[in-house]
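Only one structure is covered here, and it is reproduced in the block below.
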Amino acid sequence: MGDDSFLGDRDIVRQRMIAEKGYTNHLAGMYADKFTHPRLQCEAGRYISIGDPYVDEAERLPARWKEKQMGTTMYPKNAGNGYFGNMGKPFMYMPDKYVEQLPYAKTQPYDTRKLGFGTHDASKRDEFTDRVRTEQYRDLLKREKRILQRNEQKRGGLAEQIRKAHKKLAEAAVEEERQREVCGLSAAPFLYDIGRSRETQFDPKTKTDCFYNAYQARKREMRRGGYRSMSQDIGDGAWDLQQKRETFGRSHATAAFYSKSHIECGDI
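Just so you know, my numbering puts 96 at position 14 of the sequence shown, and the rest follows in order with no gaps.
If you want it as structure tokens, here you go:
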């Protein structure tokens with residue numbers, strides 16, 4: 083027992099009553115024992131219970147609520163418990179294997195293929211019916227698009243310059259067509275309007291009156307719209323070049339032969 087000479091009579095009696103219940107008889111005050119319930123359970127320095135089972139009144143459900151509420155029997159009982167089946171037997175689920183692309187090597191063996199353009203390649207018209215192969219091709223297109231955008235940014239907007247050049251060419255084609263209409267080369271929207279609403283100029287070289295004059299057409303450019311012939315593309319800008327003397331051209335020996343020693347004149 084501790085020293086309790088400085089405590090009062092009432093404090094001494096209370097301290098001894100506490101000690102009789104099983105607790106120590108230490109001094110009261112700041113250094114006194116911290117009394118807790120003897121059945122208290124402590125986990126990680128925290129009191130969780132006093133040993134009694136925890137029962138929440140709100141969780142108590144009637145027994146009839148916990149039983150099966152409703153049950154039905156399907157009649158007639160068909161295959162697959164009445165859902166799916168064929169000829170009295172249920173359908174068996176057969177999982178498919180993971181296939182990235184269709185096995186053309188098995189469906190179309192190499193020795194049975196026809197010589198298509200000299201490659202013996204299989205017919206792949208159903209290649210993109212497979213979802214995995216389709217997603218792979220979509221991902222490839224997205225990556226190519228990102229690469230093109232990145233390269234365009236590095237080149238400083240080359241695609242925008244190309245679009246502007248195409249727009250300028252289209253405007254030039256429209257202006258060229260307008261100039262041809264001014265020169266009397268406007269095309270007829272309907273063929274039957276040529277003889278009714280249009281008058282052709284008299285030309286003594288033509289045998290009959292016609293809208294298309296072959297003699298005048300030779301002096302004008304052919305009406306091609308926004309297209310050009312291959313000869314125009316190949317010879318474009320040829321007249322702007324300065325003509326120079328050929329360096330490796332053909333040279334005749336007699337043109338550069340000035341020696342007269344072999345020439346002799348006999349007596350007359």
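A virtual CB, placed ideally from N, CA and C, is assigned to each residue, including glycine.
Everything numeric in this text was worked out from a predicted model, so none of it was measured.
Check	Outcome
Spatially closest choice to Asp178 from Asp212, Lys196 and Gly153, by CA coordinates	Asp212
Bounding residues of the alpha helix (DSSP H) (the contiguous stretch that carries Arg300)	Counting along the chain, Arg300 falls outside any alpha helix (DSSP H), and DSSP gives it neither H nor E.
Cβ contact check for the region 209-226 and the region 190-201: 3 or more pairs under 8 Å	no
Beta-carbon gap between Gly308 and Ala255 smaller than 7 Å	yes
Boundaries of the alpha helix (DSSP H) in which Tyr186 is found, first to last residue	Tyr186 to Thr189
Backbone CA spacing between Glu253 and Gln235 [nearest angstrom]	27 Å
Through-space distance from Lys206 to Arg300, alpha-carbon basis	51 Å
Backbone CA spacing between Thr329 and Ala338 [nearest angstrom]	16 Å
C-alpha gap between Val95 and Glu141, whole angstroms	46 Å
Contact check, Val214 vs Glu182, beta carbons under 7 Å	yes
CB contact flag (Thr216, Phe210, <7 Å)	yes
Terminal residues of the alpha helix (DSSP H) in which Ala147 lies	A small fix is needed here, since residue 147 is Trp in this sequence, not Ala. Run containing Trp147: Ala145 to Lys148, per the alpha helix (DSSP H) assignment.
Euclidean distance between Cα positions of Met304 and Tyr297	13 Å
Through-space distance from Gly153 to Asp138, alpha-carbon basis	30 Å
Short Cβ contact (7 Å threshold) for Gln190 with Ala204	yes
Collapsed DSSP secondary structure at Lys206 in the structure displayed	coil
Contacting residues, own chain, Cβ-Cβ under 7 Å from Leu184 (five flanking each side not counted)	Asp208, Glu209 and Asp212
Whole alpha helix (DSSP H) elements within the region 301-340, 4-residue minimum	312-316
Span separating the alpha-carbon of Pro144 from that of Met174	41 Å
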